[in-house]
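Participant: Sharing a structure, written as structure tokens. Questions coming.
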Amino acid sequence: MSASKVPVSILGVSGFAGSELARLVADHASLSLVGVAADRWQGSKLGERVRVPASVAKLPVAPMSDAIAIARQSEVALLATPAEVSAKLAPELLAHGVRVVDLSGAFRLEDPAAYPRWYGFEHPAPELLAEAHYGLPEVASASTRTGGAKDARLIANPGCYATAAILALAPLVEAGAIDPASMYVDGKSGVSGAGRKVEERLLFMEVDENLSAYRVGNHQHTPEIEQALSRAGRARASVTFVPHLLPVRRGLLVTAFARLSGAVPPAQIEALFRRAYAPADLVEVRAPEDVTLAQVAYTPYARLGVRADAERGSVVVTSALDNLLKGAASQALQNLCAMIGAPPLSPH
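Our numbering puts the sequence shown at residues 2 to 349.
What follows is the structure, encoded as structure tokens:
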């Protein structure tokens, strides 16, 4: 291992996001992948499961019972584990001096009382919720941590739907351009968004040539979106969010609707987005008709389209991204690079 490379471990490497992380970390010039763990693949070599460079192909996949020992070899651990698992692993890793980027929802919500309602468990480390940096790189106002990702011990990687929705609405709430109590988000995602698991509703015969809503009024990204937009707009945000399952492998698209407040003329709304994301290499603002899944799938980009309707006093924003990359793994790598001061993720 080169002395200049930062050692990184991945816990939960067998999931879709974990597999993407393995490829991204292995290919990054500033990072060294030193350990991986997953019960599903334990006993295998990483290269038998994921297409990675020869330098890490023979890395053994350890069981999750060895996760702490594996992660202690690294400076940063990437957790691609379920929320209840991450909530238990992260405090122990931090106690050993290992910094954490968590891809689950274990540290996204600041209020510990929200976890039984939205995640189904009492949070075992509520003291860490206020410390965790909510890492949406293009919307600094979504986090309360003044130092951002740099020098953070713990970063909560945003959810996939939440990333798309916050990108779509943050410029509007930051400018006071919309009523924060009148936001609606329609989301559609590919099957990989449900993770690598077997359920009847995810079978090919159930999904093919079909479209269905799910977790209506009960999706865990709802409070995450509201929290981020409340921070960004400095006012209580209320979002009605309905996700749908698309018969595609990957990618998601949300359409957000809101009532204009009158603070920003409708003719200036698109310019508001272009200014907000001008410095962002990975967020593109286009016409709404140019925002499709095919243009973002298998890339780290998010693509946004916005149109204000002066006659009706409303605005519509479309936002598309790859749920496994900008919605998970490549965004985690953005956060990791910002955390350790490594060169930023290349968009190519």
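Heads up, the beta-carbon is just placed ideally off N, CA and C, and yes, glycines get one too.
1. Taking buried to mean at least 16 other C-beta atoms within 10 Å of its own C-beta, is G263 buried or exposed?
2. With which residues is E285 paired in a DSSP beta bridge?
3. My assumption, with CB atoms under 8 Å, is that L246 sits in contact with S320. Please give the rounded CB distance.
4. Would you report the Cα separation of Q221 and V255, rounded to the nearest angstrom?
5. Quick check: what's the CA-CA separation for E175 versus Y162?
6. Residues in the same chain with beta-carbon distance under 7 Å from R41, minus the five sequence neighbours each way, listed in chain order, please.
7. Looking at C-beta atoms only, is the number of pairs between the region 168 to 185 and the region 89 to 106 that lie closer than 8 Å three or more?
8. On a CA-only basis, which of S66, A288, V35, T241 is nearest K59? Give me that one, please.
9. In terms of residue numbering, what span does the beta strand (DSSP E) encompassing H222 cover?
10. If you compare alpha carbons, which of A298, V318, R232 is closest to L261?
11. With DSSP run on the structure shown, which of helix, strand or coil describes D28?
12. Measure the Cβ-Cβ separation of S37 and I11 and say whether it is below 8 Å.
13. Contact check, N324 vs S193 under 8 Å by CB: the rounded distance?
14. Would A88 be called buried (16 or more neighbouring beta carbons within 10 Å of its own) or exposed?
15. Across which residues does DSSP place K6 in a beta bridge pair?
16. Does the Cβ of G252 have 16 or more other Cβ atoms within 10 Å, making it buried, or fewer, making it exposed?
17. Can you tell me whether S239 is helix, strand or coil according to DSSP?
18. Can you tell me whether R304 is buried or exposed? The criterion is at least 16 other CB atoms within 10 Å of its CB, across all chains shown.
19. Can you give me the C-alpha to C-alpha distance between V9 and E49, rounded to a whole angstrom?
20. Would a C-beta distance cut-off of 8 Å place L137 and I167 closer than the cut-off?
Facilitator: In short, the structure shows the following:
1. Along the sequence shown, one-based indexing puts residue 263 at 262. Burial call: exposed.
2. Locating residue 285 in the sequence shown gives position 284, where the first residue counts as 1. In DSSP, E285 forms a bridge with R304.
3. To locate residue 246, count along the sequence shown from 1; it is residue 245. To locate residue 320, count along the sequence shown from 1; it is residue 319. Incorrect: roughly 18 Å between the Cβ atoms, too far for contact.
4. Taking the sequence shown and counting its residues from 1, the one referred to as residue 221 is at position 220. Taking the sequence shown and counting its residues from 1, the one referred to as residue 255 is at position 254. Distance between the alpha carbons of Q221 and V255: 16 Å.
5. The sequence position of residue 175 within the sequence shown is 174, counting from 1. The sequence position of residue 162 within the sequence shown is 161, counting from 1. Between E175 and Y162, the C-alpha separation is close to 20 Å.
6. Within the sequence shown, residue 41 is the residue found at index 40, counting from 1. Answer for R41: S15, listed in chain order.
7. no
8. Reading the sequence shown from its first residue, position 58 is the one you call residue 59. When only C-alpha atoms are compared, the closest one is V35.
9. Start at 1 with the first residue of the sequence shown, and residue 222 comes out as number 221. Where H222 is concerned, there is no enclosing beta strand (DSSP E), although the alpha helix (DSSP H) it sits in stretches over 222 to 234.
10. By one-based count along the sequence shown, residue 261 stands at place 260. For the residues A298, V318, R232, the minimum Cα distance to L261 belongs to V318.
11. Along the sequence shown, read from residue 1 onward, the residue named residue 28 stands at position 27. Note: D28 maps to helix in three-state DSSP.
12. Residue mapping note: residue 37 aligns to position 36 of the sequence shown, counting from 1. Residue mapping note: residue 11 aligns to position 10 of the sequence shown, counting from 1. Here residue 37 turns out to be Val, not Ser, going by the sequence shown. Taking 8 Å as the Cβ cut-off, V37 and I11 qualify as a contacting pair.
13. By 1-based counting over the sequence shown, the position of residue 324 is 323. By 1-based counting over the sequence shown, the position of residue 193 is 192. Indeed they touch by this definition, with Cβ atoms about 6 Å apart.
14. What you label residue 88 is simply residue 87 of the sequence shown in a count that begins at 1. Buried, because 16 or more other Cβ atoms sit within 10 Å of the Cβ of A88.
15. Working through the sequence shown from its first residue, we reach residue 6 at position 5. According to DSSP, which records beta bridges pairwise, K6 is partnered with nothing at all.
16. Taking the first residue of the sequence shown as position 1, residue 252 is located at position 251. Burial call: buried.
17. For the purposes of this step, residue 239 is taken as the residue at position 238 of the sequence shown. Of the three classes helix, strand and coil, the one that applies to S239 here is coil, per DSSP.
18. Taking the sequence shown and counting its residues from 1, one reaches residue 304 at position 303. So R304 ends up on the buried side.
19. Numbered from 1 along the sequence shown, position 8 holds the residue referred to as residue 9. Numbered from 1 along the sequence shown, position 48 holds the residue referred to as residue 49. Each residue's alpha carbon lies about 20 Å from the other.
20. Within the sequence shown, the letter at position 136 stands for residue 137. Within the sequence shown, the letter at position 166 stands for residue 167. The answer is yes: Cβ separation under 8 Å.
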